[in-house]
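Reading through the structure tokens given below for one structure.
Protein chains: 2
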Amino acid sequence: MGQYIAPLRDMQFVLHELLQVEEELKAMPKHAETNRELIDQVLEEGGKFTSQILFPLNHSGDREGCHLDKVTHEVTPPKGFKAAYKQYVEAGWPSVSCDPEFGGQGLPLVVNNSFYEMMNSANQAWTMYPGLSHGAYECLHEHGTPEQKALYLPKLVSGEWTGTMCLTESHCGTDLGMLRSKAEPQADGSFKISGGKIFISAGEHDMSENIIHLVLARLPDAPAGTKGISLFVVPKFLPNADGSVGARNPIFCGAIEEKMGIHGNSTCQMNMDEATGWLIGQPNKGLNAMFVMMNAARLGVGMQSLGLTEVAFQNALVYAKDRLQMRSLTGVKAPEKAADPIIVHPDVRRMLLTAKAYAEGGRAFSSYVALQIDKELNHPDEDVRKEAADEVALLTPIIKSFLTDNGWIATSEALQVYGGHGFIAEWGMEQYVRDSRINMIYEGTNTIQSLDLLGRKVLMDNGAKLRKFGAKVQAFVEENGTDEAMAEFITPLADLGDKVTKLTMEIGMKAFQNPDEVGAAAVPYLRVVGHMVYAYFFARMAKIALEKQDGGDKFYQSKLGTARFYFARLLPETAMLIRQARSGSASLMALDADLF
Amino acid sequence: MGQYIAPLRDMQFVLHELLQVEEELKAMPKHAETNRELIDQVLEEGGKFTSQILFPLNHSGDREGCHLDKVTHEVTPPKGFKAAYKQYVEAGWPSVSCDPEFGGQGLPLVVNNSFYEMMNSANQAWTMYPGLSHGAYECLHEHGTPEQKALYLPKLVSGEWTGTMCLTESHCGTDLGMLRSKAEPQADGSFKISGGKIFISAGEHDMSENIIHLVLARLPDAPAGTKGISLFVVPKFLPNADGSVGARNPIFCGAIEEKMGIHGNSTCQMNMDEATGWLIGQPNKGLNAMFVMMNAARLGVGMQSLGLTEVAFQNALVYAKDRLQMRSLTGVKAPEKAADPIIVHPDVRRMLLTAKAYAEGGRAFSSYVALQIDKELNHPDEDVRKEAADEVALLTPIIKSFLTDNGWIATSEALQVYGGHGFIAEWGMEQYVRDSRINMIYEGTNTIQSLDLLGRKVLMDNGAKLRKFGAKVQAFVEENGTDEAMAEFITPLADLGDKVTKLTMEIGMKAFQNPDEVGAAAVPYLRVVGHMVYAYFFARMAKIALEKQDGGDKFYQSKLGTARFYFARLLPETAMLIRQARSGSASLMALDADLF
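Order-wise, the sequence lines are chains S and C.
Read left to right, the first sequence gives residues 1 to 596 (full-length UniProt numbering).
Read left to right, the second sequence gives residues 1 to 596 (full-length UniProt numbering).
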């Protein structure tokens, strides 16, 4: 059933050596006490919890799935899920990065993010239960009234209650402007909410005492489209003023979806029949309020695929060292054995290194973004906050899309290392592939992410945010431009930076005349920028590794080898992507729909 | 649950307009009578059978899977599979391209191949039961004694009996030289065979009266490695001389694998405990005999993914025309509806056209190869037979690997068109993705195919076979070099042809010094050559479409549009692949295994 060992060494490398988070956090009064020792302790404990408690439930959870009692509408998650959640709550994990005002530990997101990677490596389906909760926490924390905060946040922070996001309806997912669920105002200030929602992750289960649904619906007088959507909090059990749970609210699970993967998570159709809810934020401004949650969720989805990439890599590596098959083309390597371990074969190494490079690149990049969010939220200097916010806005769609596409590639390569055994459930690899597939879809499909990046974050902004990030890349290129040892990284990075600039301008010009040019270029464009970001971080990591490689710690040789592989084998994808992005809309739009 | 409609128009285009098979078959006495009318009739009937009988069992078969009775060792396939097989046999489908001497209809493979595409579109898991049979038929037809042929072939041709290939053991798949199953000679000329096999597709079921296992095992005095492997026929029931079935032979299914996909097919662990078998061909030459079967099977696996690509495309297209979501970026297209159908969006079109282009490219290419096999087997001119055989040898690993990689890409894109619904089982799209994943693995992983192409078929042959195929491409380029309307296709095709030549020479030189250079380059190299082949066929198809597009049949506009998309969006992958293939083995081999 495989293994999962938290990659503590690499996480520490990223946090302490690459990003120097201790230093960065010192500048934020809220996090000034978060030193390296504390961070490492959290990571170590997180590694134990995830590998010992969550990982053993991953495969069994996939095989068993969730069960709905059609009479009571109660959902039972797979065996062990509830007990693991109890341990999770008792250990205080839900509160790690939550506000101390509501019982949180107040640790920075950049630390919690690494823990979240571990949880997803160990068990994505399980992690979605508390993951969704955290989104509800953030949304209420930002937009709730003081009373709502006082009522809900302590319970969400402690983990006694969990949360969900109820957005999608059967006829609308991407296009939320079409949604139909209705909210009727009541005399007491509450609302009666009716309608049907689908694809509600962790929508119903018995792991927590109460489930706090955040629901999008329309007020009676609401304008059509996205400007007429409001956000409501609709608890499964109506809370009493003292925080105890009261009457059952008529928001029921009508069915559980049968899915390709994440079987351990209950993906529910939710029916509301005059369920009681309360408005969050302003009327008709529900999408704005929801965006807080969605941006956090997009980072979270990237972390899901990063987790899967890491665990798939680890297992494929163990298999590749163990499995004996054929001899090396350059001569026998293990004469004492009936055949050589398959890690001697160049193409097996290509598969392994693809997963390894995507794991390490994704870890560096996503930790960087998490740190920027900490700055955005907690840095005392407004300019720093603003700059961090701009970067987070620019990079969030890349996190969501690039990490999840890469997770699909990496888990599939890791499966392939196993040959026929990769296709067999008991080895566990095929589950990683199946689980990873949803990450390219939910929280905004990867196409939507690419339109968000190219259309909204780059072109509507006249490229300002991209130029700011590009200036960081450029500064690194200039700092290291005369270092011969760095040339193998700096030259292609500088070249790609120039190409991104030219490509952006070219598409911008074309889009001015034909908006379909944005839609035609967006997906390859996002991957080009994603590779520029990874190339930048791999170059920075290589610089550290070059400086430290002679110190005896083989970790740095490994890091250098991965960086070199990345530049040799993965970065060349940009040669394809740039051609695709430049090829324009003509070949896509020429045919009438009936000629397809 | 979706739809499947056999793509008769495109099949007819490929067979009659592109390949002109009627003309080609006239040159082969065995097939001289196979005219267009007959071919179209077979295709039409095939379309009805596959869409009406097989397709309705595809999703239910996936959900139900196969069941093993652990006491009797009998396996029950999903509901309806047995009845469909009865109809298949009664309609005479098993015999289409079999030898008339044994009851076959003697039709060319190029016709049967199109039918096989349809079967796989409709139901890959079901199709593997008769598919494996056909492999056993071909192996016995080529290597059996006259008595073996007389006993087994009529039953396999009629479909009363089915067959399997028993190669893999738990410790060896790719590396068959390590296999351990043993065959003890008996006084009566038979053998007692013992051992365990895994991953035996269609290994046990109740659909046919008898199952004829072709089993690889070692004779007592056999040399080690691949030179000590012999092939045996091991029937489930020992046949009586009159063709009736006799005693149960101790070759039993011990377990059914739980797999990622193809759930409707019984993937069995087979245990042999002194099962009675008979040698096929020469002692210790079993792998040679098996290769007949494996080459046919490799073409067959390519057709599996082609079938999945087609059906996934068809369904995604229906959905994209039906699903309303957002407005076109260039203005409202369906003002009478709440939103535009998603086929207005450029990136949805990119996904659809990717699947469409891979389906049409794969259909042209695989039909061409099937016709070459007909020539190899039945052309009266020995030189033509030899040339066809060389082409088949060169192109078979490309069929297997390029079509199955593309099937994975295409089915995943088709799933993505559905958004969240693509992940839900009832829509059927996720099954196509799961089913397609095995095709990149079995019958020799795609890595093994790429080594076969680059190592054995190209370099060991000093590039002769590749040059011969390249000369055809070159001739087409020269014929059309002055046709301005063709320039958009001819220019990139000619350019890629040159690049393939240079790339091959470069790798050849490097491989001379370091054999790992072959393993490092093989996978991207195969895809480069695959794209050259597709570009050649798309250019040829575009030429026909350009000539006929003004005749009023919109099919030709569609074909031209697909060809233009292929050149604009898919062919640019070669820019990446060539860089990867040229990047060499250094970045793969640098790290010690313990530094991964």
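Idealized CB from N, CA, C, for every residue including glycine.
* Secondary structure at Gly80/S, three-state DSSP: helix, strand or coil? -> coil
* Selection from Gln314/S, Ile262/S and Phe232/S that minimises the alpha carbon distance to Glu184/S -> Phe232/S
* Have a look at Ala275/S, His134/S and Cys268/S and flag the residue whose alpha-carbon is nearest the alpha-carbon of Asn295/S. => His134/S
* Going by C-alpha distance, which of Phe537/S, Lys554/S, Gln474/S and Val500/S is nearest Leu577/S? -> Val500/S
* Using a C-beta cutoff of 8 Å, does Tyr442/S count as contacting chain D? -> Structure shown: chain D not included; protein chains present are S and C.
* Asked: Any Cβ of chain C within less than 8 Å of the Cβ of Cys172/S?
  -> yes
* Asked: Relative to the C-alpha of Phe313/S, which residue among Arg298/S, Val344/S, Gln325/S and Arg350/S is closest?
  -> Arg350/S
* Asked: By a C-beta neighbour count over all protein chains shown, 10 Å radius and 16 as the cutoff for buried, is Asp498/C buried or exposed?
  -> exposed
* Does the separation of the CB atoms of Gly159/C and Pro108/C fall below 8 Å? -> It is not a contact, given that the beta carbons lie outside the stated cut-off.
* Asked: With respect to the beta strand (DSSP E) encompassing Asn439/C, which residues constitute its N-terminal and C-terminal limits?
  -> Here Asn439/C belongs to no beta strand (DSSP E), and DSSP marks it neither H nor E.
* State yes or no: is the C-beta of Ala217/C within less than 8 Å of the C-beta of Leu132/C? => no
* Asked: Would Leu588/C pass as a contact of Leu353/S if the rule is Cβ separation under 8 Å?
  -> Using a Cβ distance threshold of 8 Å, Leu588/C and Leu353/S count as a contacting pair.
* **Short CB-CB distance (under 8 Å) between Ile251/C and chain S** => no
* To do: Check the Cβ of Lys259/S against every Cβ in chain C and list those closer than 9 Å, keeping chain order.
  => Identification of chain C residues near Lys259/S by a Cβ-Cβ cut-off of 9 Å yields Phe423, Ile424, Ala425 and Glu430, ordered along the chain.
* Does the Cβ of Val191/S have 16 or more other Cβ atoms within 10 Å, making it buried, or fewer, making it exposed? -> A small fix is needed here, since residue 191/S is Phe in this sequence, not Val. Buried, by the Cβ-count rule.
* Got a sec: is the Cβ-Cβ distance from residue 620/S to anything in chain C below 8 Å? -> One cannot answer for residue 620/S here, as it falls past the ends of chain S, which runs 1 to 596.
* To do: Quick one: using the 10 Å Cβ neighbour count with 16 as the cut-off for buried, is residue 612/S buried or exposed?
  => Nothing can be reported for residue 612/S, as the shown portion of chain S is limited to 1 through 596.
* To do: Step through the CB atoms of chain C and report whether any lies within less than 8 Å of the CB of Gly419/S.
  => yes
* **Beta-carbon neighbours of residue 600/C, restricted to chain S and to distances below 7 Å** => This structure does not reach residue 600/C, given that chain C is present from 1 up to 596, and the question cannot be answered.
* **Rounded straight-line distance, which links the Cα of Ser401/S to that of Ile448/S** => 9 Å
* To do: Quick one: measure Cβ to Cβ for Met119/S and Thr50/S, integer angstroms, because I've assumed they're closer than 8 Å.
  => 5 Å
* To do: Return helix, strand or coil for Ile251/C, following the three-state DSSP convention.
  => Here Ile251/C carries a strand assignment [DSSP, helix/strand/coil].
* Asked: Smallest Cα separation from Tyr536/C: which of Arg564/C, Glu147/C, Thr276/C and Asp516/C?
  -> Answer by Cα proximity: Arg564/C.
* Asked: What residue range is occupied by the uninterrupted beta strand (DSSP E) comprising Glu45/S?
  -> For Glu45/S, no beta strand (DSSP E) encloses it; the enclosing alpha helix (DSSP H) starts and ends at Arg36 to Phe49.
* Would you list the one or two residues that DSSP bridges to Pro324/C? => Here the sequence assigns Leu to residue 324/C, which means Pro is not the residue at that position. Answer is Pro341/C.
* Asked: Using 8 Å as the limit for Cβ to Cβ distance, is Lys554/C near chain S?
  -> yes
* Asked: What residue range is occupied by the uninterrupted beta strand (DSSP E) comprising Glu169/S?
  -> Segment: none, Glu169/S is in no beta strand (DSSP E) and carries neither H nor E.
* Determine, using beta carbons only, whether Gly106/C and Lys155/C come nearer to each other than 8 Å. => Not closer than 8 Å, so no.
* Asked: Gly362/C: which of Asn406/C, Leu394/C and Arg385/C sits nearest, CA to CA?
  -> Asn406/C
* Same chain, Cβ closer than 6 Å to Gln181/C, five either side skipped, listed in chain order -> Going by the sequence as given, residue 181/C is Ser instead of Gln. For Ser181/C, where only same-chain residues beyond five positions count, the Cβ hits under 6 Å are Gly195 and Ala217.
* Considering only residues of the same chain and omitting the five flanking positions on each side of Ile398/C, which have a CB-CB separation below 7 Å? -> Leu453, Leu526, Val529, Gly530 and Val533
* Asked: With C-beta atoms as the reference, is Asn271/C less than 8 Å away from Phe252/C?
  -> yes
* So, are the CB atoms of Ile490/C and Val473/C less than 8 Å apart? -> no
* Helix, strand or coil: which one does DSSP assign to Asn210/C? -> Asn210/C sits in a strand when the DSSP states are folded into three classes.
* Asked: Quick one, are the C-beta atoms of His263/S and Gly65/S less than 8 Å apart?
  -> yes
* **Opening and closing residue of the alpha helix (DSSP H) in which Met11/C lies** => Leu8 to Gln12
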